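Under my numbering, the letters of the sequence shown match residues 154 to 453, in that order. Note that CB positions come from ideal geometry on N, CA and C, so glycine has one too. Quantities reported herein were computed from a predicted structural model and do not represent experimental measurements. Here the structure comes first, spelled out in structure tokens, and everything after it is commentary.
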Amino acid sequence: MTPSTRPRTLAVFTKNRVNPAYDAARLAADRVAAAAGARTVHYVPRTPDDVAQQKALVVEALALKPDGVLFNPADDAAMAEDVARVAAAGIPLVAFINRVLGDTVAFVGSDDIDVGRTIAEALFAGLGGKGKIVALDGTPGARTARDRTRGLEQALDRHPGIELVGSRVGYLQRAPARVAMAELLAAHPQIDGVWTANDVMAFGALDALAAAGRRAAVVGINGLPEAIENIERGTMLASVDFSAFNIAAVATAAMLRHLDGHPVPGEIMVPAGLIDRSNCRRWKVPFEQRPIPAWDDFVR
């Protein structure tokens, strides 16, 4: 097989295997690549979100000489030198979900400030505009998490009846979020609502609430299947369809279009709408059965 006819290889970097959103992202990349006759090779740190391990994986991927790199950085600033290394090797890179500093073909994601604000507004509405809340923030090194917290702060500025009594970092993972929420419950006898920067941390908060025999309105972000089940049961108030599946699908399509010589926008934003009990049934479809979004759905 000549170089011009061999299947294209895409190196796909995600941050961990503990967040189901990244399972969905990897599946979407696989499906879009396969439909175009390309193949994917996945690079995931053994320790979730580990920067040093992701750096080592970049070295490993460069040895493979892939045609393109799809990159979700563990830390947007710390991985900048690795993005430069990919560029120096002449390999195009599309960043997705989290932005990264450096030379990229495109960034594909959603407006995380708006996402954080949207789910905060839903929480505040569910509380009738009054109450004490806590926040479980994401990994400080992830711009996605930082921007979502900014969205929460913007919403708080508009709602003087809502008091943020405490916050902890839950690292976008269930177990750390459970521990963080347990600490907040021990410190605060009244917690009416819980804002979390993703669904997985919302699940950790629910675990801690159940263990403490307490209740609060809980919101998350991602629209994961378990979140949809919780929303239907009433154990979660709402989530936001920050779809790692759609984002990764569009990112993969962007890379393939670039490799084919077609123009690609430098930034592609995928809309993220509110999910609550009024509309959650629309998301009760396994990722394996969800349609791949069309390029024209998000790029005009």
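### Query
Okay, do the stretch 172-189 and the stretch 207-214 touch, 3+ Cβ pairs below 8 Å being the bar?
no
### Under 7 Å between C-beta atoms of residue 327 and residue 357
Here residue 327 refers to the residue found at position 174 of the sequence shown. Here residue 357 refers to the residue found at position 204 of the sequence shown. Closer than 7 Å, so yes.
### Task
In the DSSP assignment, find the beta strand (DSSP E) that holds residue 420 and state where it starts and stops.
Position 267 of the sequence shown, counted from the first residue, corresponds to residue 420. First-last of the beta strand (DSSP E) with residue 420: 420-422.
### Task
Find the nearest neighbour of residue 375 within the set 262, 279 and 281, judged by alpha-carbon distance.
Numbered from its first residue, the sequence shown carries residue 375 at position 222. Residue 375 has its Cα closest to that of 262, out of 262, 279 and 281.
### Task
Assign residue 175 to one of three DSSP states: helix, strand, or coil.
Residue mapping note: residue 175 aligns to position 22 of the sequence shown, counting from 1. Note: residue 175 maps to helix in three-state DSSP.
### Query
If we count the other Cβ atoms within 10 Å of its Cβ and call it buried at 16 or more, is residue 405 buried or exposed?
The residue you call residue 405 lines up with position 252 of the sequence shown. Answer is buried; the Cβ neighbour count reaches 16.
### Task
Could you check if residue 169 is buried or exposed, using at least 16 other CB atoms within 10 Å of its CB as the buried criterion?
Working through the sequence shown from its first residue, we reach residue 169 at position 16. Label assigned to residue 169: buried.
### Message
Whole angstroms are fine: how far does the CA of residue 160 sit from the CA of residue 154?
### Response
Against the sequence shown, residue 154 aligns to sequence position 1. Against the sequence shown, residue 160 aligns to sequence position 7. Any reading at residue 154 must be qualified, since the residue scores a pLDDT of 44, below 50, and its modelled position is unreliable; the value itself is stated next. For residue 154 and residue 160, the distance between alpha carbons rounds to 9 Å.
#### Entry: DSSP state of residue 288 mapped onto helix, strand, coil
Start at 1 with the first residue of the sequence shown, and residue 288 comes out as number 135. The answer is strand: DSSP assigns residue 288 an E or B state.
### Task
Give the secondary structure of residue 403 by DSSP, where H, G and I count as helix, E and B as strand, and everything else as coil.
Taking the sequence shown and counting its residues from 1, one reaches residue 403 at position 250. If DSSP states are grouped into helix, strand and coil, residue 403 belongs with the helices.
### Query
CB residue 377 to CB residue 279, shorter than 7 Å?
For the purposes of this step, residue 377 is identified with residue 224 of the sequence shown, where counting begins at 1. For the purposes of this step, residue 279 is identified with residue 126 of the sequence shown, where counting begins at 1. In this structure, residue 279 does not lie closer than 7 Å to residue 377 by Cβ.
### Task
Could you pull out every residue in the same chain whose Cβ sits closer than 6 Å to the Cβ of residue 395, ignoring the five residues on either side in sequence?
Position 242 of the sequence shown, counted from the start, is the residue given in the question as residue 395. Result list for residue 395: 263, 268, 374, 375 and 425, in chain order.
### Message
With DSSP as the reference, identify every bridge partner of residue 320, one or two as the case may be.
### Response
Residue mapping note: residue 320 aligns to position 167 of the sequence shown, counting from 1. Residue 320 is bridged to 288.
### Task
Measure the alpha-carbon distance for residue 412 versus residue 331 and round it to whole angstroms.
Mapped onto the sequence shown, residue 412 falls at position 259. Mapped onto the sequence shown, residue 331 falls at position 178. Between residue 412 and residue 331, the C-alpha separation is close to 43 Å.
### Query
From residue 206 to residue 199, what does the alpha carbon distance come to, in whole angstroms?
Taking the first residue of the sequence shown as 1, we reach residue 206 at position 53. Taking the first residue of the sequence shown as 1, we reach residue 199 at position 46. Each residue's alpha carbon lies about 7 Å from the other.
### Query
Between the stretch 215-228 and the stretch 433-445, are three or more C-beta pairs nearer than 8 Å?
no
### Query
With 16 as the cutoff for other CB atoms within 10 Å, does residue 301 come out buried or exposed?
Position 148 of the sequence shown, counted from the first residue, corresponds to residue 301. When all chains shown are included, residue 301 counts as buried.
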